[in-house]
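Which chain is which? The protein sequence lines are A, B and C, in order. For the first sequence, the working numbering begins at 12 and goes up steadily by one. For the second sequence, the working numbering begins at 18 and goes up steadily by one. For the third sequence, the working numbering begins at 154 and goes up steadily by one. In this text, a Cβ means the ideal position worked out from N, Cα and C, and glycines have one as well.
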Amino acid sequence: MKNSLAQVFKSGKFLVGFSIIVAIVLAIIVYPLLVPGNPLEMIGVGTFFKPGTYISAYDAVNSRSFYTLNLTDAAAKRVASKLSDADREVMLEWFTLFFEENPGDVDLEEMDINDTQTLVTLWWETYDPSIRFDSMTSAKRKYIARVDAQLEGILEDADVIIAAENDDGTLSQSSVILGTDYVNVSDIASVRILPLGTDNFGRDVLKQMISACRTSLLIGLIAGTIATLIGLVLGLLSGYVGGIVDDVIMFVTNLFTVIPSFVLLILISFSIGQEQRGARVVAVVIGVTSWVWTTRSVRAQVVSLRNRDHVNLSKLSGHSLVRILIMDILPYIASYVIMAFILQVCSGILAEAQLSMLGLGPKTTQVPTLGLMMYWAMAYAAHINGAWWAYFPIVILIAIISFSLNLMNTGLDQVFNPQLRD
Amino acid sequence: MKNMLEVKDLTTKYITRFHEDVYAVDHVSFCVKEGKSVGIAGESGCGKSTLALSLMGYYFPPLHYTSGEIIIDGKNISGMSPDEVRLHILGTEIAYIPQAAMNALNPTQRIIRFIEDVIRAHQPKASKKDIYDLARKRFEILNLPADVLQRHAVELSGGMKQRTVIAISTILSPKVLIADEPSSALDVSSQKMVIKMIRDLMEMGYIKSMIFITHELPLLYNVTDDIMVMYAGQLVESGSAKQMVFDPVHPYSKGLMDSIIVPEEGARDIKLAAIPGTPPNLKNPPMGCRFAERCKYMTPLCKAYAVKMTDFGDVDENGSHQGLNRSYRCLLPVHELKASYESEAKGGAAI
Amino acid sequence: MSENGKSLVLSGSGVTKIFGSGAKKVVAVNKVDFEFHEKELVSIVGESGSGKTTLVKMLLGLISVTEGDIYFMGEKRDIRSRRQKKEYWKGIQAIFQDPFSSYNMFHKIDSVLLDCINMRGGRSLPRPKKIEMITEACSFVNLKYAELTNKYPFELSGGQQQRLMIARIFLLKPKILLADEPTSMIDACSRATILDMLLGLRNETGMMIIFVTHDIGLAYYISDSVYIMERGRFVESGKADAVILSPSAEYTKRLINDVPKIHSPWDFTKAAEGASV
């Protein structure tokens, strides 16, 4: 027994899968300690804030200490962040037409439109709103004029004046923010890092995902345990006792086999109703509908063990049915049952995701699950809005969990099944 | 008479998962003359099946060829790759029949198809009709119903299947037939039919010589001309079947022959011999005689010196040397061993 | 009932086992009668498919009897309840063919033997006493308990495992021992040891041994009387000498004729009789 355990941990595949799962579990435990708070708290007013660091503008403006930094690239950066690719393309187009009529020594072929400095300098030198090209539509001309105005606005040296209403109702200047004013981020009270942005309800996706992962693993574990237990008990009884017990159990099992278990899952989930459907209930429902193949395979194993002489000998020693099942049969199929359990956990997680995608998952307001996150991302068209952070990390996480569980299973299979050993 | 099969110092080993060498066949030498059959006896794990695989060049991991020569009718086949062996040796030079051969037939094919495959592998242009005629003729001679050719394997009984497999694998009249427990999985009547067929094949010259491996000594006695006894990867004694069964010299062969039980008058009065202990671990074989640990005649020298197979003068009852040389692997002289056996037999009777 | 002053320990009349029903009905054992006496060594000889294993299981009470009665110690056997079964199994025990599958590989040798003492009602004995009994049983089969303790059965050789099985029987001391091909998986040179131990056990405890085998030579060598089984029926039975040396049933004749022998020639002329496609 110890020997085979050592063998298991020598299997590379098992080890990789196991390490990933352990890392995920560690993350589930550690992350909430580092970043406490309710994962379902709606912090963002609005949908799908993109990933990044969020600094309170109020705190920034009201910061007591401004630092003056003379950084020359500040304006360029401002321009660079404001000028979109489309704007730059249009500017380039203007240059092309301009140099066709007024040949100069500028090589447009060589020009890099992402080099904001040269682009803007050239623009300043050449742009004249009074020049009209015949080949240019008036809409484009107006667009170019807007881009020019925008550029001028950005590059204006004027300071921002902040005014507040006085007691007598008139506005008065409360502070001035200069172009060279900087704030130290550590002085700002409210900074929020959202590595994966927010979802459609303005909830922190990463925080929610970690919590959802915990719930989903739990659902998988509960579903897997229930399915394996039911499957094991029925399989053991059916295989070992045989006769009428076998017939009845196999009849029920066959019945469940021909009804697609997912359809059953949907029907049961639906009939339970939204109000009663917590994460645990969903887990139990998944467990109760997915024991079928465990039963069949455990039964097949037990049938081949039933006639082994050591079982006969145990009978002759007067041991009870339960004792024979537990002491003489179970150890022989234990490795197999563990493998089946791992696969059941995996399929439990997937089944929850599938159910939730159909809107039949756990009650939506209490716990996040991976499936529910996918559901909301889809319901609010995250994929159309380009909010990849709301669904892509979830998909990857589900894939990684499923991959590592299956990897563990393959590793175990190679250890326990000598025919597959090399 | 010329030698059909000559084996010189053949050594083959298994390499285990932990990269240990297990020399399952250790410096085995013997030769089989045309028209003769040699039996190999020994307990399970002594290397007799490995010897069979080694002889037909079946070197697939973990089995590896180490050294020695295998010469079939003057043609040295040692060191050939398994592919070469399959193309040029199997079927025409050597035929091999393992215990479960009968289960190797693809159940979806008719028997004639297997025969076509075997013949076409060596004569690609053979016509269907020629093959059928040849097969039918051979089956008739061997007393197998010709309609078997058109049947599927599942329709035949175990004994019939095994006989069919033997007929198929000897259809090209190989020079050596290696039969590894070909009848052990069958009931006694089918076993007898299989053995009868093998004897017919020998008599009619469809196979020139045979190596027969089994742990059933009475069967070996009835099938082969000569017997070799193997122990822990080595030959320990060889001689004619009669000499080996009734007059064994090596203490291990003696023990083996004294454990024969047959349903014959007087069988109940024999005291069965028992050899205590287990064979040595071949990963780390003893330096001296491999049987020393279990031998009741062991002397201190036995553990220190490994003895080679030594011929001793006995010629078989015909006064000729047609079969295997009478030889044994033991430090003690033949007359001393025989004297001990005799006195023991008397002592045993007195008790 | 008695024969030579020996009382009947196990007998049966019309014992039948049918598997399946309707078109798939298979009669594995067909109305067999038998009488096994005290201290006797009886062999049941049959080839594969003759139904001998089914008969063994019925005798052991591992499977039910379809028809017919089995009498144990003169009384009709009734093993419907678990308690009755347990009581019955104190009187009849078995050694199986394959020693490698006869042990639970997760249990140590100690627990296998301790189990036997517990079954004999020795659960409350002090531990030194139990160890003493186990040591005695092991030495009976030429094994050293000190070398076996804390080992698993699969660490032993086939012959040693089979001897351990006999040690188990030594501790249980049943009235009847069913030995189902106990030597067929063992090398010829260890076979004699096992047979000697079985015979020694019989002399020591006076148990009756039912020896099931396909090897008619072995049956002849070891037994007092022989039952020849063919397709679920006993075709011949009687004293070993009578059955083997002058068989009357066709099947027995053929069986003996077809077995290779060393003192008389192996007769191939009758070989065609048993042939079938």
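Would you say Q140/B touches the ligand FAD, meaning its beta carbon is less than 7 Å from a heavy atom?
-> In the structure shown, the ligand FAD is absent, as is every other ligand, since no ligand is present at all.
Exposed unless 16 or more other CB atoms sit within 10 angstroms - verdict on H321/A = A residue is called buried when at least 16 other Cβ atoms come within 10 angstroms of its Cβ; H321/A meets this threshold and is buried.
Where G242/A sits in the DSSP three-state scheme = Secondary structure at G242/A: helix, using DSSP grouped into helix, strand and coil.
Is M245/B closer than 8 Å to V262/B when the C-beta atoms are compared?
-> Contact flag unset, no.
Compute the Euclidean distance between the alpha carbons of S185/A and D70/A, then round it to the nearest angstrom.
-> Cα to Cα, the separation comes out at about 15 Å.
Residue nearest to L70/B in terms of C-alpha spacing, selected from I195/B, L299/B and A356/B | The shortest C-alpha separation from L70/B is found at I195/B.
Taking 8 Å as the CB-CB cut-off, is L218/B touching chain C?
-> Chain C contact via Cβ: absent.
Taking the alpha-carbon positions, what's the G336/B to R168/B distance?
-> Confidence at G336/B is low in this model, with a pLDDT of 48, below 50, so the placement of that residue should be treated as unreliable; the coordinate-derived value is given next. Approximately 49 Å, taken between the alpha carbons.
Grab me the residues of P62/A's own chain with a C-beta within less than 7 Å of its C-beta, minus the 5 sequence neighbours each way, in chain order.
-> Answer for P62/A: L205, P206, L207, G208 and W400, listed in chain order.
Which partner residues does L408/B have in the DSSP bridge list?
-> With chain B covering only 18 through 368, there is no way to say anything about residue 408/B.
Is A366/B buried or exposed, if buried means 16 or more other CB atoms sit within 10 Å of its CB?
-> Reliability of the predicted coordinates at A366/B is poor, the pLDDT of 45 falling under 50, and no value is obtained from them.
Chain-ordered chain A contacts of D268/C [CB-CB under 7 Å] = Identification of chain A residues near D268/C by a Cβ-Cβ cut-off of 7 Å yields S328, ordered along the chain.
Alpha-carbon to alpha-carbon, K151/A and I279/A | About 60 Å.
Indicate whether the contact test is met: 3 or more Cβ pairs, each with one atom in the region 250 to 269 of chain A and one in the region 305 to 314 of chain A, closer than 8 Å.
-> Yes: the two stretches touch, three or more of their Cβ pairs being nearer than 8 Å.
What residues in its chain sit with their C-beta under 8 Å from that of V406/A, if we drop five residues either side in the sequence?
-> M385.
Could you check the C-alpha separation between L51/A and V378/A for me, to the nearest Å?
-> CA-to-CA, the gap between L51/A and V378/A works out to about 8 Å.
Which value, in whole angstroms, describes the spacing of the CA atoms of A362/B and I375/C?
-> Between the C-alpha atoms of A362/B and I375/C there is a straight-line separation of about 20 Å.
Return the CA-CA distance between H267/B and A402/C, expressed in angstroms with no decimal places.
-> For the pair H267/B and A402/C, the Cα-to-Cα distance works out to about 41 Å.
State yes or no: is the beta carbon of E361/B nearer than 8 Å to at least one beta carbon in chain C?
-> Not a single C-beta of chain C is nearer than 8 Å to the C-beta of E361/B.
How big is the Cα-Cα spacing for T125/B and D134/B?
-> Roughly 15 Å between the two C-alpha positions.
Comparing alpha-carbon positions, which option in Q314/C, K328/C and I322/C lies nearest V162/C?
-> Comparing C-alpha distances from V162/C to each of Q314/C, K328/C and I322/C shows the shortest one belongs to K328/C.
With DSSP collapsed to three states, give me the class of A401/A.
-> Helix at A401/A.
CB contact below 8 Å: S337/C versus chain A = No, S337/C lies away from the interface with chain A (no Cβ there is under 8 Å from its Cβ).
For A58/B, which residues does DSSP report across the bridge?
-> Per DSSP, the beta bridge partners of A58/B are V246/B.
Buried or exposed: which applies to L243/A, given that a residue is buried once 16 or more other Cβ atoms fall within 10 Å of its Cβ?
-> L243/A is buried by the Cβ-count criterion.
Sorted by chain position, which residues of the same chain lie with C-beta nearer than 6 Å to E193/C's C-beta, five sequence neighbours on each side aside?
-> Beyond the five residues adjoining it in sequence on each side, E193/C comes within less than 6 Å, by CB distance, of M361 and D377 in the same chain, given in chain order.
Which residues of chain C have a Cβ atom closer than 7 Å to the Cβ of N49/A, listed in chain order?
-> Near N49/A there are no residues of chain C at all, since even the closest Cβ is about 48 Å away, more than 7 Å.
Buried or exposed: which applies to K210/C, given that a residue is buried once 16 or more other Cβ atoms fall within 10 Å of its Cβ?
-> It counts as buried.
Would you be able to state if there are at least three C-beta pairs under 8 Å between the region 212 to 232 of chain B and the region 62 to 78 of chain B?
-> In this structure the region 62 to 78 of chain B lies against the region 212 to 232 of chain B, because at least three pairs of beta carbons, one per stretch, are closer than 8 Å.
What residues in the region 274 to 291 of chain B bring their beta carbon closer than 7 Å to a beta carbon of chain C?
-> Shown in chain order are the members of the region 274 to 291 of chain B whose Cβ falls below 7 Å from a Cβ of chain C: S276, I277, I278, V279, P280, E281, E282, A284, R285, L289, A290 and A291.
Between the beta-carbon of S196/C and the beta-carbon of R384/C, is there less than 8 Å?
-> Contact: no.
Note the first and the last residue of the continuous beta strand (DSSP E) segment covering Q184/A.
-> Its beta strand (DSSP E) spans residues L182 to I188.
Under 9 Å (Cβ pairs) to chain C, residues found in the region 235 to 247 of chain B | Flagged, chain order: P235, L236, L237, Y238, N239 and V240.
What runs of the alpha helix (DSSP H), each 4 residues or longer, lie entirely inside the region 204 to 284 of chain C?
-> Qualifying alpha helix (DSSP H) stretches, in chain order: 205 to 213, 235 to 244 and 262 to 272.
Would a C-beta distance cut-off of 8 Å place L354/A and V19/A closer than the cut-off?
-> For L354/A and V19/A, no; Cβs fall outside 8 Å.
Comparing the C-beta of I245/C with each C-beta of chain B, is any distance below 8 Å?
-> Interface with chain B (8 Å Cβ-Cβ cutoff): I245/C is excluded.
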